[in-house]
Structures are given as structure tokens and as C-alpha cells.
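In what follows, a structure is listed as C-alpha cells, so that the remarks can point back to it.
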Amino acid sequence: MTKALLLYSKGLDSILAKEILEKQGIEVHTMNFGSCFFEGEIDISDELLEVVKKPKYGRGKGMNPCLDCHLLMYKKAKEIMLEKGYDFIATGEVVSQRPFSQTRDKLLFLEKKAGLEGLILRPLSQKLFPLTIFEKKGIVKRDEFYDISGKSRKRQLELAKEFGISSIPMPAGGCILTDKEYSKKLKKLIEIKPDFDSNDAKVLTKGRVFFDEKTMFVVTRNKEEGEEIRNFFKKGDVVLEPQNFPGPTVLVRGSLIKKGKEYLIKYSKKVPEKPNILIKRI
Ligand code: SF4
């Protein structure tokens, strides 16, 4: 039996890709990647951080290095395909759905770069791609694939009806690298700490974030965030917690702090007569 490894985002496009392949009797195994920037099962944070820091093929409107990220996912999927013995990789990709990273030419370019020429099937847009060996050999039927392109979801919604899919997932908001506000913070973080890690990248999504020269302050906005921020505490950080009055917990990370120590400081409303350098800055 032909076995496909489907990169599965859980969005409508990937659900349809699965249906289309299964209709042809193909055994479909799904998987999705996750990282400190988006949810998913197989964690690729370490590799993705490297391309976020220095993308080879540029970024989208935010800090999203979509081409590099896509390439990384293709390469990782290829490793899994070879290891587990799948015949090909499938995706729910739709040509030109994203102008920067998902044009036909760019997808073919990335496919080639990943060493996967002719080994990726995109059921929703397959008719717009060159014939693969699987189609030539009749292992899959090209006639039963589609030629969908562009951002409109009209044809996907029609197909969902045909396949009897009644619960349509909302388009995934997913990746925070495309978020304008997050991207501003990440850009600043890269400037002050080019070797940032996944903890740094994630903590930017919490509270209100301020930068002062080479130091980052994350000021929590409510009790839950105050408790959550403690999970990010790491060597070299200072965590300021209010003493005897309600107020924000503040995580301070950066060069204002002596390296190699952790501090948990309780603060009160009263400003010390001789504030130290950290308190003066705050
Ligand atoms: S939007 Fe995010 S997850 Fe998607 S390809 Fe771009 S960087 Fe990767």
C-alpha cells in the first residue's frame, strides 16, 4: 500500500489534502511541526531559531523567515520519510496563497533545495505542478487532484461540502513571527542578544516588554502572568515581586545584572534612599 507522510496543520487545506489522498486508497500519516513560535507536535525550535536569527532567503512582513522555515520543514519531513519508509510527502499547500513564500516557483525551488524533487504531492494544487513519478506510474491519479491557487477559500469550502466536512476550522493564526508587535520586540531582542534562545523568544509574548540598552524588562499585567513568568526564570535573571501590596512581577534579563546569579527580589512601594543601578533604571 502506498504510504504518504502528510504535513498536517489541522487547517481546512490539510484536512482536504488528507481526504483527497485517502479517497485514492493511500495510507496517510499526519504530523506537524511545532516550535517556540507556533504550536505543534514535533519540536524544531533549535533549528528554527538559527534560521530566524540569520535567514538565507529573507523575511516576510514581520520577522517570519518563511522560505527558510519551509525549507527546514521539508528537510525534517524528508528525514522522517526516509527513516519510516513513507513513499512521498504530501502537504495542504495551495499555490499563491501566500505571496512571499508560496508561489509555484518558490515551492519548486525549495523542493529542489531539500532534495525532494518529485517527492512532494500537493493535492489541492497538484495539477499546477510538473508530473511526478507517482502520477506517471499511475500510483496516484492526477485527475483526482486539483488546480486551486490564490487566497480565496471558495473552492476549498465547496470541496469541504463534497467531502461532508461540516466543522470547518478557522484559518490558523498560528505563527507569532508574522505578528507585527511581536516582530518589533524580536527585532530588538536580536539587536541586544544575537544568541537568544527559545526561552527569550517565548517570554516576549508575556506581559509588557521594555528594553533599556542591553536589558529586557517583562512587566506582568495580572496575577496569572505573574505566576507564569516564574516558569521562565533562568540563571542570571532578576525577578522582582511586590511585597505586601498588589503590583506587577517584573522579570529583568540582560547586562545590567551580574552574570551567573539568580535573584528574587521582593520590592515595596518605598524607594530606597540609595537605590542601586538596577532600581534606578526601573
Ligand atoms: S508563517 Fe511562520 S511557520 Fe509558517 S512558514 Fe512562515 S515562519 Fe514558518
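At the far end of the sequence shown sits residue 284, using the working numbering, and the numbering has no gaps.
Note that the Cβ used here is the ideal one computed from N, Cα and C, for glycine as well.
Here the structure is a predicted model, which is why all the values come from computation and not from measurement.
Could you name the residues of the same chain whose beta carbon sits closer than 7 Å to that of residue i, not counting the 5 residues immediately before and after it, in chain order?
i: Lys153; result: Gln99
i: Glu24; result: Val30
i: Phe213; result: Lys190 and Ile194
i: Lys143; result: Gln26
i: Leu129; result: Looking at the sequence shown, residue 129 is not Leu but Lys. Around Lys129: Arg144, Phe147, Tyr148 and Asp149.
i: Lys163; result: none
Using the beta-carbon count (16 or more within 10 Å), is residue i buried or exposed?
i: Arg232; result: exposed
i: Gly117; result: exposed
i: Leu253; result: buried
i: Pro171; result: exposed
i: Gly228; result: buried
i: Pro132; result: exposed
i: Gly256; result: buried
i: Glu113; result: buried
i: Leu121; result: buried
i: Pro248; result: exposed
i: Gly94; result: buried
i: Leu84; result: exposed
i: Lys285; result: The first residue shown for the chain is 3 and the last is 284, placing residue 285 beyond what the model contains.
i: Gly166; result: exposed
i: Ile108; result: One detail in the question is off: residue 108 reads as Lys in this sequence, not Ile. Per the 10 Å Cβ criterion, buried.
i: Pro196; result: exposed
i: Pro67; result: buried
Which residues in the same chain have their Cβ closer than 8 Å to the Cβ of residue i, if we skip the five residues on either side of it in sequence?
i: Val367; result: There is no way to answer for residue 367, as the model of the chain reaches only from 3 to 284.
i: Lys182; result: Lys63 and Gly64
i: Gly176; result: Ser11, Phe40 and Glu41
i: Phe198; result: Leu51, Lys55, Leu191 and Ile192
i: Gly87; result: Lys5
Hey, quick one: how far does the beta strand (DSSP E) through residue i stretch, first residue to last?
i: Phe212; result: Arg210 to Asp214
i: Val97; result: Where Val97 is concerned, there is no enclosing beta strand (DSSP E), given that its DSSP letter is neither H nor E.
i: Gly256; result: Val252 to Gly256
i: Glu243; result: Val240 to Pro244
i: Glu29; result: Glu29 to Met33
i: Val220; result: Thr217 to Val221
Starting from residue i, trace the alpha helix (DSSP H) both ways and give me its first and last residue.
i: Leu109; result: Arg106 to Lys115
i: Glu136; result: Before going on, a small fix: residue 136 reads as Phe here, not Glu. Segment Ile135 to Lys138, the alpha helix (DSSP H) holding Phe136.
i: Met83; result: Cys68 to Lys86
i: Tyr184; result: Lys182 to Ile194
i: Gln158; result: Lys156 to Glu164
i: Ser286; result: Because the chain in this structure spans residues 3 to 284, residue 286 falls outside the shown range and cannot be described.
i: Gly228; result: Lys225 to Glu230
i: Val205; result: Ser200 to Val205
Opposite residue i in the DSSP bridges: which residues?
i: Leu8; result: Thr32 and Ala92
i: Ser127; result: According to DSSP, which records beta bridges pairwise, Ser127 is partnered with nothing at all.
i: Asp45; result: Gly36
i: Ser151; result: Val97
i: Ile122; result: Ile91
Quick one: residues in its chain with C-beta nearer than 6 Å to the C-beta of residue i, no 5 flanking neighbours on either side, listed in chain order?
i: Cys38; result: Ser47, Ser200, Ala203 and Lys204
i: Thr4; result: Ile28, Asp89 and Ile141
i: Ser185; result: Gly64 and Met65
i: Tyr10; result: Ser16, Thr32 and Asn34
i: Lys187; result: Leu206 and Val211
i: Tyr59; result: Leu69 and Asp70
i: Gly209; result: Val220, Val221, Thr222, Arg223 and Glu227
Inspect the CB distances between the region 134-144 and the region 153-162 and report whether three or more fall short of 8 Å. In short, these stretches do not touch, since the Cβ pair count stays below three.
For the region 19-32 against the region 44-52, do three or more pairs of beta-carbon atoms, one drawn from each stretch, fall closer than 8 Å, so that the two count as touching? No, the region 19-32 is not in contact with the region 44-52.
Inter-stretch contact (C-beta, 8 Å, three-pair minimum) for the region 74-82 and the region 55-66: The region 55-66 and the region 74-82 do not touch, with fewer than three beta-carbon pairs separated by less than 8 Å.
Counting pairs of Cβ atoms below 8 Å between the region 76-90 and the region 177-192, do you hit three or more? At 8 Å Cβ cutoff, the stretches do not touch.
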